[in-house]
Amino acid sequence: MTSKSSVSITGFQLKYVALISMTIDHIGAVFFSAGSLPFLVCQAIGRFAFPVFCFLLTEGFFHTSSHNTYLKRLFLFALISEMPFDMALFHFPKAGNIQQIFLHQNVFFTLSLGFLTLCLVERFWMENALLSVLFFSAALFLAQTLRFDYGALGILLILLFYGIKRFFPRMPKPVAYILSLIPLFFIPGDRTRYFVIFCVPFLSLYQGDRGEASFMGKRLPGEKLFFYWYYPAHLLLLAVVYCFR
634 MTSKSSVSIT
644 GFQLKYVALI
654 SMTIDHIGAV
664 FFSAGSLPFL
674 VCQAIGRFAF
684 PVFCFLLTEG
694 FFHTSSHNTY
704 LKRLFLFALI
714 SEMPFDMALF
724 HFPKAGNIQQ
734 IFLHQNVFFT
744 LSLGFLTLCL
754 VERFWMENAL
764 LSVLFFSAAL
774 FLAQTLRFDY
784 GALGILLILL
794 FYGIKRFFPR
804 MPKPVAYILS
814 LIPLFFIPGD
824 RTRYFVIFCV
834 PFLSLYQGDR
844 GEASFMGKRL
854 PGEKLFFYWY
864 YPAHLLLLAV
874 VYCFR
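First residue of the sequence shown: 634, per the working numbering; consecutive thereafter.
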């Protein structure tokens, strides 16, 4: 029997860490010039967010009662978030370049495609491993071609989190998470990419306890959707502040 660490972190607490990290990253991207010191500091802190969200996505895949409902929710918020994403990060329509909004799609599209790929791989792996590999390859191609956030590297990260948990459950957690993060070390042009490694201690403290969303000891209503709505809402707020600064 393995004993749990005396210090642990719940799934909801991990989400808060990711939300704070993501918000700081987006503040830097919206308000500071690319390559400036404030921009790089915000970006370095923001490197925590995506791997944590991908990790929680794979945890959700293993524990959700309905893959279909989970996938539909992810895709719905991908659609809801796209315009706030373009408004905040590309200053649309103020920037006046409508083509720019087709060059990068928000992270919910990456998470949706990653989750769909997990469903297909899980469904067909034992029946036809080659078909599963084809699904995986198609997902990498689509993520890169359609310019989803993090592209093929993001899908690969999700698949590594899934594969190590599924096929190597006894691997020491820090080792498993570092191996899973390797794709993000190859993000082209990202000077802060290696800062993703600092999410490993947070992930290692997770013991499988989902926890609950609460503030000052009080449970938040609608906690399941709060983390979904936060993404488009904070982007829209940043876009409005940028326009009227």
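Yeah, the Cβ is synthetic: ideal placement off N, Cα and C, and Gly gets one too. A quick note: this is a predicted structure, and the numbers were derived from the prediction, not measured.
{"Item": "As assigned by DSSP and simplified to three states, the class of Phe-688", "Value": "helix"}
{"Item": "C-alpha distance - Leu-786 paired with Arg-803, whole-angstrom precision", "Value": "25 Å"}
{"Item": "Residues near Arg-780 by beta carbon distance below 7 Å, same chain, minus five either side", "Value": "Leu-736, His-737 and Gln-738"}
{"Item": "Leu-764 CB to nearest heavy atom of the ligand GDP below 7 Å", "Value": "Judged by which ligands are present, the structure shown has none, so any question about the ligand GDP falls away."}
{"Item": "Classification of Phe-695 by the beta-carbon crowding that lies within 10 angstroms, buried from 16 upward", "Value": "exposed"}
{"Item": "Sequence-distant residues of the same chain with beta carbon closer than 6 Å to Val-663, five excluded per side", "Value": "Ala-721, Leu-871 and Tyr-875"}
{"Item": "Leu-744: first and last residue of the uninterrupted alpha helix (DSSP H) it sits in", "Value": "740 to 757"}
{"Item": "Beta-carbon proximity check, Cys-675 vs Leu-790, cutoff 8 Å", "Value": "no"}
{"Item": "Where the alpha helix (DSSP H) through Gly-644 begins and ends", "Value": "644 to 664"}
{"Item": "Beta-carbon contacts of Ala-866 that lie in its chain and below 8 Å, excluding the five residues immediately before and after", "Value": "Pro-717"}
{"Item": "Residue of Asp-658, Phe-672, Phe-769 and Ala-682 minimising C-alpha distance to Phe-835", "Value": "Ala-682"}
{"Item": "Phe-723 - DSSP class collapsed to helix/strand/coil", "Value": "coil"}
{"Item": "Phe-741 vs Tyr-864 beta-carbon contact at 8 Å", "Value": "yes"}
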